[in-house]
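**Student:** With the numbering used here applied, the sequence shown covers 117 to 283.
Every residue, glycine too, gets a C-beta built ideally from N, C-alpha and C.
Nothing here was measured: the structure is a model prediction, and the numbers come from that model.
Provided herewith is a single structure, encoded as structure tokens, for subsequent inquiry.
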Amino acid sequence: MEIFIERPFSLHARAQTWSSYKNNNTIKYIISITPSGAVSFSSPGWGGRVSDEEITIKSGFLEKITHGDCVLADRGFTLVEEFSTKGGILKLPKFTKGKKQMSSAEVDESRQIAHVRIHVERVIGWLRKFRILQNIIPLTQVDLLDDVMVIITSLVNINSSVVPSSS
117 MEIFIERPFS LHARAQTWSS YKNNNTIKYI ISITPSGAVS FSSPGWGGRV SDEEITIKSG
177 FLEKITHGDC VLADRGFTLV EEFSTKGGIL KLPKFTKGKK QMSSAEVDES RQIAHVRIHV
237 ERVIGWLRKF RILQNIIPLT QVDLLDDVMV IITSLVNINS SVVPSSS
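Take a look at the structure:
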């Protein structure tokens, strides 16, 4: 999850917070949810330039992985081996580029992943509904963002689940 921040004055800070994906200066967070839709992990904020893999390693998220945990990530996420050494399973969307067609098993798995990813997007949507995250964060408040994320994720967790009880 990336949060827009005001453009820093320092060229070094601008470079560290520039997100080519969002085409803006951002602070980036890794968010993890449980199968029931509760936020179970929120990394400290990192400049938008940092890769998801680097945040995953440096934030301690990998240390929280236990045997049998299944983690969904976006295409291009390269930490498959790191997750498997912890006993976890990393699920990535299947690539169809260069292939004629996915097998029926791959289609089924892709559907299951897409079904679960909807819940992740719902949680992120709930986080973004908080007015403080709907605006560009002033530089004077960037140092408060980690605390803001703790409060917001806690408030999301005390709400009813985003995952319907039949899921």
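1. Could you check where the alpha helix (DSSP H) with Asn273 kicks off and where it finishes?
2. Name the two residues that bound the continuous beta strand (DSSP E) containing Leu188.
3. Under 7 angstroms, do Val236 and Leu206 count as touching if we go by C-beta distance?
4. Could you give the DSSP three-state label for Leu206: helix, strand or coil?
5. Taking Cβ positions only, does Val155 come closer than 7 angstroms to chain D?
6. For Thr256 and Ile119, I'd like the C-alpha separation in whole angstroms.
7. Could you tell me which residues DSSP pairs with Ser135 in its beta bridges?
8. Let's test the definition: count the other Cβ atoms within 10 Å of the Cβ of Thr269 and tell me whether it reaches 16, buried, or not, exposed.
9. For the alpha helix (DSSP H) that Phe199 lies in, which residues bound it at each end?
10. Using C-beta distances below 7 angstroms, list every residue in its chain close to Val258, excluding the 5 sequence neighbours before and after it, in chain order.
11. Given a threshold of 16 other Cβ atoms within 10 Å of its Cβ, counted over all protein chains shown, does Val155 qualify as buried or as exposed?
12. Which residues does DSSP pair with Val155 in a beta bridge?
13. Could you give the DSSP three-state label for Ile248: helix, strand or coil?
14. Distance, Cα to Cα, Ile240 vs Asp185?
15. Can you tell me the Cα-Cα spacing of Leu249 and Met265, whole angstroms?
**Tutor:** Based on what the coordinates show:
1. Bounds of the alpha helix (DSSP H) holding Asn273 are Leu261 to Ile274.
2. DSSP places Leu188 in the uninterrupted beta strand (DSSP E) bounded by Cys186 to Leu188.
3. No Cβ-Cβ contact shorter than 7 angstroms links Val236 with Leu206.
4. Here DSSP, grouped into helix, strand and coil, assigns Leu206 to strand.
5. Looking at the structure shown, chain D is missing, and only one protein chain is on hand.
6. Rounded to whole angstroms, Thr256 to Ile119 spans 15 angstroms at the Cα level.
7. Its beta-bridge partners are Asn140.
8. With 16 or more other Cβ atoms within 10 Å, it is buried.
9. Val196 to Thr201 is the span of the alpha helix (DSSP H), which, as asked, contains Phe199.
10. Setting aside the 5 residues that flank it on each side, Val258 is surrounded in the same chain by Ile121 and Ile143, each with a C-beta closer than 7 angstroms to its C-beta; the list follows chain order.
11. That one is buried.
12. According to DSSP, Val155 bridges with Ile149.
13. DSSP places Ile248 within a helical segment (H, G or I) once states are collapsed to three.
14. Spanning the two alpha carbons is a distance of roughly 21 angstroms.
15. So the two alpha carbons sit approximately 9 angstroms from each other.
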